[in-house]
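Numbering (my numbering), first residue to last: 1016 to 1269.
Each residue gets a CB set at the ideal place from its N, CA and C atoms; glycine is no exception.
Step one of this worksheet: look at the structure below.
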């Protein structure tokens, strides 16, 4: 029985032929060898007394084996694969139906954006990527402020969960360090640089709040990493921002 071919991608090659073809070749040669051995053994026994007849039979057997091996290796080689009727070529054909894919060249203006639209779309994409490129330049100071604002928002959320209210600033925008006594001697004050705390501005009516910092120099980073933190009441169009921060849903309009 001939062994299955296996996966030739993970097997070594013999004389440039994948090992699975060599397995088939070995089986074929083995069957032919057995047949020829019986044939030439009979001839050799009959001509043993004559001497030269045995040598001729043995030489013929060797030549037949060599020709068979050479033929098998040629059929299994890349050069022989293209021959019609080659049984080895079927071993490399993928299973399943064959599909023909027709490729069509699309000229500018056909089946898609026109040339002017393509240029405009490309320009808009480049402009949209500019803030991200700038953000990747010097992001550390802005990221520190973003993290501080998020941490302060968590503190205020926990405070409101306990007291059902927020520290009120009488709806005036004031320094957060002055209005938020809850920041004193806490983990926030220990872990956040004083310079960042002093930059924060806070406004609250006791039911909602907004805390912000000026966006000068940080706008590109904020728009690239946390666009939802851009203060909608203090922005200058879609490509700039005056301030950014965190707030409650109602405090968004403060």
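The C-beta distance from residue 1258 to residue 1228 rounds to 7 Å, short enough to meet the 8 Å contact threshold. Bounds of the alpha helix (DSSP H) holding residue 1237 are 1234-1240. About 15 Å separates the beta carbon of residue 1261 from that of residue 1188, a gap too long to meet the 8 Å contact definition.
Residue range 1209-1214 is occupied by the alpha helix (DSSP H) that includes residue 1210.
For residue 1168, the three-state secondary structure derived from DSSP is helix. Taking 8 Å as the cut-off, the beta carbon of residue 1236 is found no closer than this to the beta carbon of residue 1225. Boundaries of the beta strand (DSSP E) harbouring residue 1225: 1224-1229, taken from the DSSP string. When secondary structure is reduced to three states using DSSP, residue 1247 falls in the coil class, being assigned neither helix nor strand.
A Cβ-Cβ distance of about 6 Å is found for the pair residue 1160 and residue 1211, placing them in contact under the 8 Å criterion. Residue environment analysis places residue 1173 among the exposed positions, since fewer than 16 neighbouring C-beta atoms fall within 10 angstroms of its C-beta. DSSP, read as helix, strand or coil, puts residue 1174 in helix. In the three-state DSSP reduction, residue 1138 falls in the helix class (H, G or I). Proximity to residue 1222 across 1269, 1247, 1232 peaks at 1269, based on C-alpha coordinates.
Annotation: the continuous alpha helix (DSSP H) that includes residue 1191 extends over 1191-1194.
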